[in-house]
Amino acid sequence: MKLFRKSDKPLTQEEITHWLRDLRGHPYNPSSHFDVTGVFRVKYNGDDSYYFAGVNVENEEHRLGTHAEEGCIAAMVTAFGKDAEIVEGWIMGAPDHLKPGDTAPLANNKVTCCGKCRQQNIGFASSSAVIHSISLNGAHQQTTMGDSLPDHFSFRQFAPELVNPSEKQPKPLAVEEIEAKLIRKGKALSDPEILEWLHNLESVDYASQRGQAVVLKLADNTYVAGVKIEDAAYVSINPIQCAMAIANVACDKIAVESVWTLSNKRKAQKDQALTQFHEYQFNKNPKPLTLSAVQVLAEFAAHDQIPIHMFTRAGHKQTISMRDSAHMIPVLSRKKMDDKYKQRLAKI
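The numbering used here numbers the first residue of the sequence shown as 966 and each following residue consecutively.
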């Protein structure tokens, strides 16, 4: 599996380099024609022998593109939720027409993480975690996450009680369970099966306390999951970006035929009555995809009428087409509550 590996012993630099090269051709880069591939070693439940891969996925709206590092993060968070921790990372980048052994200068270029990815990385890593830059021809340099982003900040500073809840114990997962959280192939899935899958996914939602998970069905009967991944600097990854990052690593050809979504709200309000009102409104009405998520989806949709099935936590489903979903985009100020609750909210 190009997306994920569990290894009894640490992979060697040679093995990682081969993996990074093998991922070339998977990036979706019609604008830049520049392949960036990444592999992160990840700790979960005390075990740091998990490896996740990522590639760059571009979009017509350039700010909605995801980088290889974000692809690694997408896969590890979809698998492990908030308990995923980056231990070590490797990045390779070169124009997509180059081959190992080419004499072109860019074949020896050791790409480094951009500023956005450095911010994303530090949200899941310690300052001492090492990031390696490897050229297409195998040249190598390394630095630490802390040195690459001095004076960094993350949710560990802003919400330590949420990032490190003392009572939480991660659930051990077998390799087959990890793979099944990311991608499933072979048979058509029923709505109850997809809803159960969605319920088992965890977003990183420390800022909004509103998670969202998706499952995409591709034309070849492959299903791919993704989750919302928030960042302290608000350079977040929406669940469609997350799923498409995973799909581009795992699949050779992508044409999305259907989408299922599930949103969860965890935020505790100071006013219990208001909390109950918000929970009622949120659970009664499924949350649509954001416009940015729809833009990313459109890049890979089989057509503009693909169905988007939106579940509530109770399992109720509302279905709209991708084209119509643009009219349902969520807006922070568009809260459906009466004046009484608006006034009470303003006092909090």
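All C-beta atoms in this analysis are idealised placements derived from N, C-alpha and C, irrespective of residue type, glycine included. In this text, all values refer to a predicted model and were calculated from it rather than measured experimentally.
*How big is the Cα-Cα spacing for THR1109 and GLY1280?*
Using only the alpha carbons, I get a separation of about 44 Å.
_Please classify ASP1000 as buried or exposed, where buried requires at least 16 neighbouring CB atoms within 10 angstroms._
Using a 10 angstroms sphere on the CB of ASP1000, the tally of other CB atoms reaches 16 or more, which defines it as buried.
*Kindly indicate which three-state DSSP category GLN1234 falls into: helix, strand or coil?*
Because GLN1234 sits at a pLDDT of 48, beneath the cut-off of 50, its placement in the model cannot be relied upon, and the point is left open.
*Under 8 Å between the Cβ atoms of GLU1141 and LYS1047?*
Result no, Cβ atoms of GLU1141 and LYS1047 do not sit closer than 8 Å.
*Beta bridge counterpart(s) of LYS1182 as assigned by DSSP*: LYS1182 pairs with TYR1188, SER1223.
*Going by the CB atoms, is the gap between LEU985 and MET1057 shorter than 8 Å?*
For the 8 Å CB-CB criterion, MET1057 and LEU985 form a contact.
*For the alpha helix (DSSP H) holding ASP1013, just list the boundary residues, first then last.*
For ASP1013, there is no enclosing alpha helix (DSSP H); the enclosing beta strand (DSSP E) has its first and last residue at 1012–1020.
*Would you tell me roughly how many angstroms separate the C-alpha atoms of GLN1241 and GLN1177, rounded to the nearest one?*
A caution first: GLN1241 carries a pLDDT of 49, below 50, which makes its placement in the model too unreliable to give a value.
*Looking at the structure shown, is GLY1176 part of a helix, part of a strand, or coil, going by DSSP?*
Looking at GLY1176 - three-state DSSP - the assignment turns out to be strand.
*Going straight from the alpha carbon of ALA1291 to that of GLN1107, what length do you get?*
ALA1291 and GLN1107: Cα-Cα distance of roughly 43 Å.
_Do THR1226 and PHE1265 have their beta-carbon atoms positioned less than 8 Å apart in this structure?_
No; because the gap between Cβ atoms is not below 8 Å, this pair is not in contact.
_Among the candidates ALA1090, GLY1151, ILE1087, ASP987, whose CA atom is the shortest distance from the CA of LEU968?_
Taking only the C-alpha atoms, the option nearest LEU968 is ASP987.
*Beta-carbon spacing of VAL1214, GLY1036 below 8 Å*: Yes, Cβ-Cβ distance for VAL1214 and GLY1036 is below 8 Å.
*Between PRO1137 and the rest of its own chain, which residues show a CB-CB distance below 8 Å, the 5 nearest in sequence each way excluded?*
Only ASN1010 meet the Cβ criterion.
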